[in-house]
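Which chain is which? The protein sequence lines are Y and F, in order.
For the record, in the first sequence the residue sitting at position 112 is 112 according to our numbering, with numbers rising by one throughout.
For the record, in the second sequence the residue sitting at position 199 is 1199 according to our numbering, with numbers rising by one throughout.
Here a beta-carbon is modelled for each residue, glycine too, at the ideal position from N, C-alpha and C.
In what follows, a structure is listed as C-alpha cells, so that the remarks can point back to it.
Number of protein chains: 2
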Amino acid sequence: MPAPLEFYFDFSSPYAYIASECIEPLAARHGRAVRYRPTLLGAVFRISGQRPLTEIPVKGDYARRDFARSARFAGIPFAMPEPFPIGTVTAARACLVLQGADPAGADNFIHAAFRAYFAEGRNLSDPQVVHDVLARTGADADAVLEAAATAPVKDALKAAVDASLARGVFGTPFIFVDDEPFWGSDRLPQIDRWLSSGPF
Amino acid sequence: MPAPLEFYFDFSSPYAYIASECIEPLAARHGRAVRYRPTLLGAVFRISGQRPLTEIPVKGDYARRDFARSARFAGIPFAMPEPFPIGTVTAARACLVLQGADPAGADNFIHAAFRAYFAEGRNLSDPQVVHDVLARTGADADAVLEAAATAPVKDALKAAVDASLARGVFGTPFIFVDDEPFWGSDRLPQIDRWLSSGPF
Chain Y
1 MPAPLEFYFD
11 FSSPYAYIAS
21 ECIEPLAARH
31 GRAVRYRPTL
41 LGAVFRISGQ
51 RPLTEIPVKG
61 DYARRDFARS
71 ARFAGIPFAM
81 PEPFPIGTVT
91 AARACLVLQG
101 ADPAGADNFI
111 HAAFRAYFAE
121 GRNLSDPQVV
131 HDVLARTGAD
141 ADAVLEAAAT
151 APVKDALKAA
161 VDASLARGVF
171 GTPFIFVDDE
181 PFWGSDRLPQ
191 IDRWLSSGPF
Chain F
1001 MPAPLEFYFD
1011 FSSPYAYIAS
1021 ECIEPLAARH
1031 GRAVRYRPTL
1041 LGAVFRISGQ
1051 RPLTEIPVKG
1061 DYARRDFARS
1071 ARFAGIPFAM
1081 PEPFPIGTVT
1091 AARACLVLQG
1101 ADPAGADNFI
1111 HAAFRAYFAE
1121 GRNLSDPQVV
1131 HDVLARTGAD
1141 ADAVLEAAAT
1151 APVKDALKAA
1161 VDASLARGVF
1171 GTPFIFVDDE
1181 PFWGSDRLPQ
1191 IDRWLSSGPF
C-alpha cells in the first residue's frame, strides 16, 4: 500500500479549504489515502517573516478576488468570511484529539469545520462554533473540547507545528507526495501527474 | 476584434518565463493576441513590501524546486540561473524601444531574452548579453541600446512601471483578460476557461 498523501493545513487558509475539497478524490484515483496534518499559520508566518495575504499592500484586494474565483473554478461553495484571518488553535487541537480517537470522524470534522468558516460564515475561532461543528459531525463535543484544553494536547499541537516547520511548511495547503513537496491548491494538477506518471 | 491579453512581466521572473512560453497559443485558441508589458519587480516589491521568493526564509528552497518542476510540467527548458534575481532595466528599456519600432521583433526579443536567462544561463543584467540577444533576433542591437539609454526611453519605462503599480500589479506574470486580473503561471487554466466560457 503506497503512503498516504500528507496534507498540512490551517483552518484559516482559503486555498487549503479549496484543496481539502478536491484532494481525497484525486488521491483515491491513484490508490492513495490522505493524512491531514493541522498546523498554525501564525507560527509559520512568524518564522518566515510573512503576513496574511489580505494584509499585504496591493496584494490584498487581488487575493480576495482570487479566493472566490478559484473556489468557483473548482466548483466549491465559498463566501469570504469576516473576520479573516482567524486564530484556529481550538479547532486544530480538537482535530488532534479526534485523530487520536476516531480518524474517520476527524476527517468529517475537518471538512465540516472548513465549510462552516468558508461557506457558512461561522467564526471558527469561537470555541462555541467548534463545539457546534463537532456536535454536527457526531462527536462528543464536550468531551473533545475538554480534552483539547489539556496540556498533553496543547503540547501535541506545538509539536505538530514544530514538525511542520522542520519539514519546510511555510504556507498551506502544503502537500507531500512521498517526500515531494507541493504548496498551494494550484499544484493539484502537478500532484495528479506525479501520481499517475511518477516523478517528472 | 476582442482586446489582446495584457501580459505584465519582469525578465527576472521564472513564472513569467514559463507563462510567456504558453500564453500565445492559449490566446490564439480564443482569437486573442497578447500585448507584453514590461515592468520592474524591484520597484513593485518596494511598494508592496515583498522580497524575491528565493530570499524568503524556508520558502527559498521550495521556490527553486518549484520553478524547475513547473517548467518540466509545462514541457519548457529551464536551468536555474545564477545570479538570481537580476536587474532587468536594460532589457526592459530595449523591449520598449522595439515595441515602438517593430512590435513583432519585440515579441521575438522577449522570448529570446527569457530563454537566454532561464534556459541558457546567460546573465541578462549584462548589457552585452542584451546586445547579443538583440542581434540574434535580427534587431539593430547598437541602435536599440543607444535609444534605450536616452531620457525619453528611461522615462517611458518609469511610466510603464508606475502604470503597472496603478493597475495593481504586485508580481509577474500578471495577466489581464479585459479587466479581469490573473496572477501567476498557475492561473493559465482559469484564463483558458474565462476565455472559452466567459466570466465565472
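First through last residue of the alpha helix (DSSP H) which encompasses residue i
i, result
"Y/Glu24", "23-29"
"F/Glu1146", "1141-1148"
"F/Ile1110", "1103-1118"
"F/Ile1191", "1188-1197"
"F/Ser1164", "1151-1166"
"Y/Pro127", "127-136"
Residue i versus residue j - alpha carbon distance
i, j, result
"Y/Ala116", "Y/Asp66", "20 Å"
"Y/Trp183", "Y/Ala19", "10 Å"
"Y/Phe174", "Y/Thr137", "25 Å"
"Y/Asn108", "Y/Val130", "13 Å"
"F/Ala1071", "Y/Pro181", "16 Å"
"Y/Ile47", "F/Ala1166", "31 Å"
"Y/Ala104", "F/Ala1028", "47 Å"
"F/Leu1026", "F/Gly1100", "25 Å"
"F/Pro1127", "F/Phe1011", "13 Å"
"Y/Val161", "Y/Gly60", "26 Å"
"Y/Thr150", "Y/Phe84", "27 Å"
"F/Arg1201", "F/Val1034", "Given a span of 1001 to 1200 for chain F in the structure shown, any question on residue 1201 of chain F remains unanswerable."
"Y/Glu82", "Y/Ala91", "17 Å"
"Y/Leu53", "F/Gln1050", "11 Å"
"Y/Cys22", "Y/Pro189", "11 Å"
"Y/Thr39", "Y/Ala112", "17 Å"
"F/Pro995", "F/Ala1068", "Chain F is shown from 1001 up to 1200; residue 995 of chain F falls before or after that span and cannot be answered."
"F/Glu1146", "F/Glu1055", "34 Å"
"Y/Gly87", "F/Asp1155", "46 Å"
"F/Asp1132", "F/Gly1031", "33 Å"
"Y/Ala119", "Y/Tyr17", "10 Å"
"F/Leu1157", "F/Ala1079", "28 Å"
"Y/Leu5", "F/Ala1148", "51 Å"
"Y/Ala3", "Y/Ala106", "19 Å"
"Y/Val177", "Y/Phe45", "23 Å"
"F/Leu1195", "F/Met1001", "14 Å"
"F/Glu1024", "Y/Glu24", "34 Å"
"Y/Ile191", "F/Phe1200", "25 Å"
"Y/Leu98", "F/Leu1124", "54 Å"
"F/Ala1159", "F/Asp1179", "20 Å"
"Y/Ala143", "Y/Phe7", "26 Å"
"Y/Gly75", "F/Gly1121", "41 Å"
"Y/Leu134", "F/Phe1114", "52 Å"
Identity of the residue in the options nearest residue i by Cα
i, options, result
"F/Ser1197", "Y/Glu24, Y/Phe73, Y/Leu195", "Y/Phe73"
"Y/Val153", "Y/Glu55, Y/Val89, Y/Thr54", "Y/Val89"
"F/Asp1186", "F/Ala1003, F/Ile1110, F/Asp1010, F/Pro1014", "F/Pro1014"
"Y/Gly168", "F/Ala1063, F/Glu1120, F/Ala1151, F/Asp1192", "F/Ala1063"
"Y/Tyr36", "Y/Ala43, Y/Val44, Y/His30, Y/Ile110", "Y/Ile110"
"F/Phe1009", "F/Asn1123, F/Leu1096, F/Ile1076", "F/Leu1096"
"F/Pro1057", "Y/Leu188, Y/Asp178, Y/Asp179, Y/Gly171", "Y/Gly171"
"Y/Ala139", "Y/Tyr17, Y/Pro2, Y/Ala94", "Y/Ala94"
"F/Gly1042", "F/Pro1199, F/Val1177, F/Asp1179, F/Ser1164", "F/Ser1164"
"F/Asp1102", "F/Ile1191, F/Leu1195, F/Ala1141, F/Phe1200", "F/Ala1141"
Per DSSP, cross-strand counterpart(s) of residue i
i, result
"F/Val1177", "F/Glu1180"
Which parts of the segment 4-81 of chain Y are runs of the alpha helix (DSSP H), unbroken and 4 residues or longer, counting only runs that do not cross its ends? 14-20, 23-29, 41-48, 59-74
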